[in-house]
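K.L.:
Please see the structure below; I have some questions.
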């Protein structure tokens, strides 16, 4: 289990988040939501071990992730970053094979076992047909699936994704998060994903954590967290929530006549 225990995160003297406590068990998708600047990406960085907390700690099965070497962390925590700079001339297969780097010896040579794991990751993510193509020639949705395949090739029990649906159309947004949810179910991955789209969080996450004002405002099922009161306070606009007509998940509707910045907000009850 990944645990964020009384976590306080800061850049210099500026505190971004304070006293955050979250747990993420295997097989679950936990979505981080909140307005711009709420600290979603910062929390992902801390959970990955890249940002050392100002207070509290991040543990995986009781071990402090910040005490591990980068190689040890990469074997346990896979990260799909928000804006990955992919080497455009690398093929998709070569990119996925990079996920095996933590397991290579000091010579850095891939074994047939590593290639087999990379091929299997591409099969699981429906990217096998892209294997020989340069990643620079792939669409945004294809590149995102290749990045998830690379993370899957790491064979880590935890996967962190920072805005994986950014710049994707509706089809690829649903496809990407559907894939992530399936991997959590079938492989028992613990998945922490930062999302801007509240309706995607409602449909694909098991639990949702709402960040705003430097704090964790609410955590629970989508129905428990995505309420008009919670969201209107966090986003500072009137927000309404209805039930999806097909599966009953919360459907978030911002008021089309939202006030301009600085105007008072009349919040739904």
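Residue numbers (this note's numbering): 257 to 525.
Positions of the beta carbon are idealized from the N, C-alpha and C atoms, including for glycine.
In three-state terms, what does DSSP make of residue 366?
P.N.:
Here residue 366 refers to the residue found at position 110 when the chain shown is read from its first residue. Residue 366 falls in the coil class under three-state DSSP.
K.L.:
Roughly how many angstroms separate the alpha carbons of residue 504 and residue 442, rounded to a whole number?
P.N.:
Here residue 504 refers to the residue found at position 248 of the chain shown. Here residue 442 refers to the residue found at position 186 of the chain shown. Distance between the alpha carbons of residue 504 and residue 442: 24 Å.
K.L.:
Does the beta-carbon distance from residue 407 to residue 373 come in below 9 Å?
P.N.:
Working through the chain shown from its first residue, we reach residue 407 at position 151. Working through the chain shown from its first residue, we reach residue 373 at position 117. Contact: no.
K.L.:
Straight-line CA distance for residue 488 to residue 511?
P.N.:
Against the chain shown, residue 488 aligns to sequence position 232. Against the chain shown, residue 511 aligns to sequence position 255. Their backbone Cα atoms lie some 10 Å apart in a straight line.
K.L.:
Going by other Cβ atoms of all chains shown within 10 Å of its Cβ, with 16 needed for buried, is residue 425 buried or exposed?
P.N.:
The residue given as residue 425 occupies position 169 in the chain shown. It counts as exposed.
K.L.:
Could you tell me which uninterrupted alpha helix (DSSP H) segments, each at least 4 residues in length, are contained entirely in the region 305-360, listed from first to last along the chain?
P.N.:
326-332, 348-353, all fully within the region 305-360.
K.L.:
Among all the DSSP beta bridges, which residues are the ones paired with residue 264?
P.N.:
Walking along the chain shown from the start, residue 264 turns up at place 8. DSSP output for residue 264 lists 311 as bridge partner(s).
K.L.:
The alpha helix (DSSP H) that contains residue 400, what's its start and end?
P.N.:
By one-based count along the chain shown, residue 400 stands at place 144. Note, residue 400: alpha helix (DSSP H), 396-409.
K.L.:
Would you kindly check if the distance between the Cβ of residue 389 and the Cβ of residue 347 is under 9 Å?
P.N.:
Working through the chain shown from its first residue, we reach residue 347 at position 91. Working through the chain shown from its first residue, we reach residue 389 at position 133. Yes; because the gap between Cβ atoms is below 9 Å, this pair is in contact.
K.L.:
With a threshold of 16 other CB atoms inside 10 Å of the CB of residue 295, please say whether the residue is buried or exposed.
P.N.:
By one-based count along the chain shown, residue 295 stands at place 39. Looking at its Cβ environment, which holds 16 or more other Cβ atoms inside 10 Å, residue 295 is buried.
K.L.:
Can you name the residues that DSSP bridges to residue 496?
P.N.:
In the chain shown, counting from the first residue as 1, residue 496 sits at position 240. Per DSSP, 509.
K.L.:
Exposed or buried, what is residue 418 when buried is set at 16 or more other beta-carbons lying within 10 Å of its beta-carbon?
P.N.:
Sequence index remark: in the chain shown, residue 418 carries index 162 (1-based). Its Cβ being crowded by 16 or more others within 10 Å, residue 418 is buried.
K.L.:
My understanding is that residue 332 touches residue 316, with C-beta atoms under 8 Å, so please give their C-beta distance in whole angstroms.
P.N.:
Taking the first residue of the chain shown as position 1, residue 332 is located at position 76. Taking the first residue of the chain shown as position 1, residue 316 is located at position 60. Sure, about 6 Å apart at Cβ, within 8 Å.
K.L.:
Compare the Cα-Cα distances from residue 506 to each of 475, 492, 457 and report the closest residue.
P.N.:
Position 250 of the chain shown, counting from 1, holds the residue named residue 506. Of the candidates 475, 492, 457, the one whose C-alpha sits nearest the C-alpha of residue 506 is 457.
K.L.:
Check whether the Cβ atoms of residue 497 and residue 477 lie closer than 9 Å to each other.
P.N.:
Against the chain shown, residue 497 aligns to sequence position 241. Against the chain shown, residue 477 aligns to sequence position 221. Taking 9 Å as the Cβ cut-off, residue 497 and residue 477 do not qualify as a contacting pair.
K.L.:
My output table needs one value for residue 274: the three-state DSSP class, helix, strand or coil.
P.N.:
Locating residue 274 in the chain shown gives position 18, where the first residue counts as 1. Reduced to three states, the DSSP call for residue 274 is strand.
K.L.:
Any contact of the region 432-451 with the region 261-276, i.e. 3+ C-beta pairs under 8 Å?
P.N.:
No contact exists between the region 432-451 and the region 261-276.
K.L.:
Which whole-angstrom value describes the C-beta separation of residue 473 and residue 432, a residue pair presumed to lie in contact below a C-beta threshold of 8 Å?
P.N.:
The sequence position of residue 473 within the chain shown is 217, counting from 1. The sequence position of residue 432 within the chain shown is 176, counting from 1. Their Cβ separation, rounded to whole angstroms, is 26 Å, which puts residue 473 and residue 432 out of contact at 8 Å.
K.L.:
Quick one: residues in its chain with C-beta nearer than 6 Å to the C-beta of residue 355, no 5 flanking neighbours on either side, listed in chain order?
P.N.:
Position 99 of the chain shown, counted from the start, is the residue given in the question as residue 355. Only 406, 409, 410 meet the Cβ criterion.
K.L.:
What residue from 291, 366, 329, 290 has the CA that sits closest to residue 416's CA?
P.N.:
By 1-based counting over the chain shown, the position of residue 416 is 160. Residue 329 is the option with its Cα nearest to residue 416.
K.L.:
By a C-beta neighbour count over all protein chains shown, 10 Å radius and 16 as the cutoff for buried, is residue 494 buried or exposed?
P.N.:
Residue numbering aside, residue 494 sits at position 238 when the chain shown is read from its first letter. Counting Cβ neighbours within 10 Å, residue 494 comes out buried, since at least 16 surround it.
K.L.:
Got a sec, what are the start and stop residues for the alpha helix (DSSP H) residue 295 sits in?
P.N.:
Reading the chain shown from its first residue, position 39 is the one you call residue 295. No alpha helix (DSSP H) contains residue 295, which DSSP labels as neither H nor E.
K.L.:
Determine the extent of the alpha helix (DSSP H) in which residue 454 is found, giving its start and end residues.
P.N.:
Numbered from its first residue, the chain shown carries residue 454 at position 198. Counting along the chain, the alpha helix (DSSP H) containing residue 454 begins and ends at 454-460.
K.L.:
Kindly list the residues whose CB is nearer than 6 Å to the CB of residue 370, restricted to its own chain and excluding five residues on each side of it in sequence; keep chain order.
P.N.:
In the chain shown, the residue the question calls residue 370 occupies position 114. These residues qualify, in order along the chain: 356.
K.L.:
Would you mind giving the Cβ-Cβ distance between residue 280 and residue 299, rounded to the nearest angstrom? I have them listed as a contact below 8 Å.
P.N.:
Here residue 280 refers to the residue found at position 24 of the chain shown. Here residue 299 refers to the residue found at position 43 of the chain shown. With a Cβ gap of about 11 Å, residue 280 and residue 299 do not count as contacting.
K.L.:
If you draw a straight line from the alpha carbon of residue 434 to that of residue 447, how long is it in whole angstroms?
P.N.:
Along the chain shown, read from residue 1 onward, the residue named residue 434 stands at position 178. Along the chain shown, read from residue 1 onward, the residue named residue 447 stands at position 191. In a straight line, the C-alpha of residue 434 is about 12 Å away from that of residue 447.
K.L.:
Please report the straight-line C-alpha distance between residue 293 and residue 327, rounded to a whole angstrom.
P.N.:
Numbered from its first residue, the chain shown carries residue 293 at position 37. Numbered from its first residue, the chain shown carries residue 327 at position 71. Distance between the alpha carbons of residue 293 and residue 327: 30 Å.
K.L.:
Cα separation between residue 351 and residue 437?
P.N.:
One-based indexing of the chain shown puts residue 351 at position 95. One-based indexing of the chain shown puts residue 437 at position 181. Answer to the nearest angstrom: the Cα atoms are 22 Å apart.
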